[in-house]
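K.L.:
As they're listed, the protein sequences go chains A and B. Quick note on numbering: the first sequence equals residues 1 to 324 in the working numbering. Quick note on numbering: the second sequence equals residues 325 to 375 in the working numbering. Idealized CB from N, CA, C, for every residue including glycine. Keep in mind that this is a model prediction, so the values were computed, not measured. Here's a structure for you.
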Amino acid sequence: MTERRLDPTTGEWTTFATARQDRTFLPPAGLCPLCPTTDPARPTEVPRDSYDIAVFENRWPALSGHPPEPDLEGTSLYAVEPARGAAEVLVFTSRHDATLADLPVAQVGKLVDVWAHRYAELGARPDVAYVFAFENKGEAIGVTLHHPHGQVYGYPDVPPRVALKMRAARKHLARHGTCVWCDVVAAEQTDGARLVLQGAAVSAYVPFAARYPYEVHLSVRRHAGSLLDLDVTERRDLAAVLSAVLRAYDRLYGFSLPYVLSVHQRPTDGGDWDAISHLHLELTPLHRTATKLKYLAGSETGAGAFVADVRPEDAAARLRELVP
Amino acid sequence: MDHAEPLDTALGVMDVERVVRDDGRLLLLFTWEDATGQSGAGESTAGDGPA
Numbered sequence: 001m002t003e004r005r006l007d008p009t010t011g012e013w014t015t016f017a018t019a020r021q022d023r024t025f026l027p028p029a030g031l032c033p034l035c036p037t038t039d040p041a042r043p044t045e046v047p048r049d050s051y052d053i054a055v056f057e058n059r060w061p062a063l064s065g066h067p068p069e070p071d072l073e074g075t076s077l078y079a080v081e082p083a084r085g086a087a088e089v090l091v092f093t094s095r096h097d098a099t100l101a102d103l104p105v106a107q108v109g110k111l112v113d114v115w116a117h118r119y120a121e122l123g124a125r126p127d128v129a130y131v132f133a134f135e136n137k138g139e140a141i142g143v144t145l146h147h148p149h150g151q152v153y154g155y156p157d158v159p160p161r162v163a164l165k166m167r168a169a170r171k172h173l174a175r176h177g178t179c180v181w182c183d184v185v186a187a188e189q190t191d192g193a194r195l196v197l198q199g200a201a202v203s204a205y206v207p208f209a210a211r212y213p214y215e216v217h218l219s220v221r222r223h224a225g226s227l228l229d230l231d232v233t234e235r236r237d238l239a240a241v242l243s244a245v246l247r248a249y250d251r252l253y254g255f256s257l258p259y260v261l262s263v264h265q266r267p268t269d270g271g272d273w274d275a276i277s278h279l280h281l282e283l284t285p286l287h288r289t290a291t292k293l294k295y296l297a298g299s300e301t302g303a304g305a306f307v308a309d310v311r312p313e314d315a316a317a318r319l320r321e322l323v324p
Numbered sequence: 325m326d327h328a329e330p331l332d333t334a335l336g337v338m339d340v341e342r343v344v345r346d347d348g349r350l351l352l353l354f355t356w357e358d359a360t361g362q363s364g365a366g367e368s369t370a371g372d373g374p375a
């Protein structure tokens, strides 16, 4: 069953993709579906003996350009719709045992270019309102394949957390006449207490009200809504700053740190977003110590109110020590 | 199989090969031609290091 159902008590859609229960789960390296195909008798998802970066439509898509009809009909109370959109897998490298932090900056730069390519192409589709690139890294996050990869979803609407941030940005614009992200990046640059790293065009900082331990945001300092608005120098800088923060993460506890990486860009539904959309990346690890995870428990899950364990200024100071 | 118009990117010229699989799913293979005119799959180490 693949369909979207609207919760009338919250106004939020849930996407059901029950076939994903059968997807490949932590296969041994010899059976990795993301490695190059070396034995024609056992083709992988990438039918080449090597590749730079590969993208393919997910075999078990949550969202699809040609979704099946829903299992049941909606009612005046319960809205149901086909799970229309896009779900792609983005393979960062042909190396099975690497992580994004292990890759040369130039390879991370290629990834940034591919993110931009997918944003342009998927965002041009009439059924895609928001293009969201992300990486789930590590078993603590729930990854099902170890080969370094991410995903790109094309949502048919602006997702709830993005809509929440857009409402805050619009309120800030009405009150101050400025982009809240431009103001935040400038404030972090001036203050410096939460700054982790500053590139030529991009700043990395622990957000003032970070929800996750060692959460880091990367933001271009000038107002730019998407990767398509960056020039080649700025894209290179974004790749270099991202790579440096990921390497610092891996030095934090002496192991490859699990995290979620989210790439946020301007919605593509044709709405009036330019003044309040500001390209930014969010890195959200779960480890509050080497052996303890930040769980989304009662306050976070039940009330949507985060209680954090690590002081943002302390997290930033520690990460600054670890940046290569 | 189809190649879109190559694009200038931060890492040189990016070529995109489009393959439609037997099951209808799209596969895109990205390769870069660097400033020296060399191309092909594999990671470049040029420009390594933080900003």
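Who are the near neighbours of glutamate 81 of chain A in its chain, counting only those whose CB is closer than 6 angstroms to its CB and skipping five residues on each side?
P.N.:
Result list for glutamate 81 of chain A: Arg4, in chain order.
K.L.:
The alpha helix (DSSP H) spanning methionine 166 of chain A covers which residue range?
P.N.:
160-176 is the extent of the alpha helix (DSSP H) around methionine 166 of chain A.
K.L.:
Does DSSP classify lysine 110 of chain A as helix, strand or coil?
P.N.:
The answer is helix: DSSP assigns lysine 110 of chain A an H, G or I state.
K.L.:
If you reduce the DSSP assignment to three classes, tell me which class aspartate 71 of chain A lands in.
P.N.:
Here aspartate 71 of chain A sits in coil by DSSP.
K.L.:
What residues of chain B sit near glutamate 57 of chain A, judged by a beta carbon separation below 7 angstroms?
P.N.:
Arg349, Leu350, listed in chain order.
K.L.:
Report the start-end ranges of each beta strand (DSSP E) in the stretch 85-156 of chain A that is 3 residues or longer and not cut off at the edges.
P.N.:
Within the stretch 85-156 of chain A, the complete beta strand (DSSP E) runs of at least 3 residues are 86-91, 130-137, 149-155.
K.L.:
May I ask you to list, following chain order, the residues of the stretch 117-138 of chain A that have a beta carbon less than 8 angstroms from some beta carbon of chain B?
P.N.:
Answer in chain order: His117.
K.L.:
Determine the extent of the alpha helix (DSSP H) in which serine 243 of chain A is found, giving its start and end residues.
P.N.:
Unbroken alpha helix (DSSP H) run through serine 243 of chain A: 232-252.
K.L.:
Note down the Cα distance separating alanine 101 of chain A from alanine 79 of chain A, rounded to an integer number of angstroms.
P.N.:
Whole-angstrom Cα-Cα distance: 42 angstroms.
K.L.:
Assuming alanine 168 of chain A and valine 152 of chain A form a contact by the criterion Cβ under 8 angstroms, report the distance between their Cβ atoms to the nearest whole angstrom.
P.N.:
Between valine 152 of chain A and alanine 168 of chain A the Cβ distance is about 25 angstroms, and since that is not below 8 angstroms, they are no contact.
K.L.:
Given this structure, state the Cα-to-Cα distance separating leucine 218 of chain A from aspartate 97 of chain A, to the nearest angstrom.
P.N.:
C-alpha separation (whole angstroms): 26 angstroms.
K.L.:
Three or more beta-carbon pairs under 8 angstroms between the stretch 268-283 of chain A and the stretch 136-149 of chain A, yes or no?
P.N.:
Counting Cβ pairs under 8 angstroms, fewer than three are found: no touch.
K.L.:
Could you name the residues of the same chain whose beta carbon sits closer than 6 angstroms to that of serine 243 of chain A, not counting the 5 residues immediately before and after it, in chain order?
P.N.:
Result list for serine 243 of chain A: Val105, Val108, in chain order.
K.L.:
Ordered along the chain, which non-local residues of its own chain (more than five positions away) have a Cβ less than 7 angstroms from that of leucine 72 of chain A?
P.N.:
Closer than 7 angstroms at Cβ, skipping near neighbours: Val80.
K.L.:
Which residue comes first and which comes last in the beta strand (DSSP E) that contains proline 285 of chain A?
P.N.:
280-285 is the span of the beta strand (DSSP E), which, as asked, contains proline 285 of chain A.
K.L.:
Could you check whether alanine 87 of chain A and proline 68 of chain A sit closer than 8 angstroms to each other, using their CB atoms as the reference points?
P.N.:
No, Cβ-Cβ distance for proline 68 of chain A and alanine 87 of chain A is not below 8 angstroms.
K.L.:
Does the stretch 154-172 of chain A come within contact of the stretch 116-133 of chain A, defined as at least 3 CB pairs closer than 8 angstroms?
P.N.:
Counting Cβ pairs under 8 angstroms, three or more are found: they touch.
K.L.:
Determine the contact status of leucine 228 of chain A and alanine 120 of chain A, defining contact as a CB-CB distance below 8 angstroms.
P.N.:
In this structure, alanine 120 of chain A lies closer than 8 angstroms to leucine 228 of chain A by Cβ.
K.L.:
Leucine 230 of chain A: buried (16+ other C-beta within 10 angstroms of its C-beta) or exposed?
P.N.:
With 16 or more Cβ atoms within 10 Å of its Cβ, leucine 230 of chain A is classed as buried.
K.L.:
With a Cβ-Cβ cutoff of 8 angstroms, do alanine 201 of chain A and valine 184 of chain A count as a contact?
P.N.:
Not in contact: alanine 201 of chain A and valine 184 of chain A (Cβ atoms no closer than 8 angstroms).
K.L.:
Chain B partners of valine 114 of chain A, CB-CB under 7 angstroms?
P.N.:
The answer, in chain order, is Phe354.
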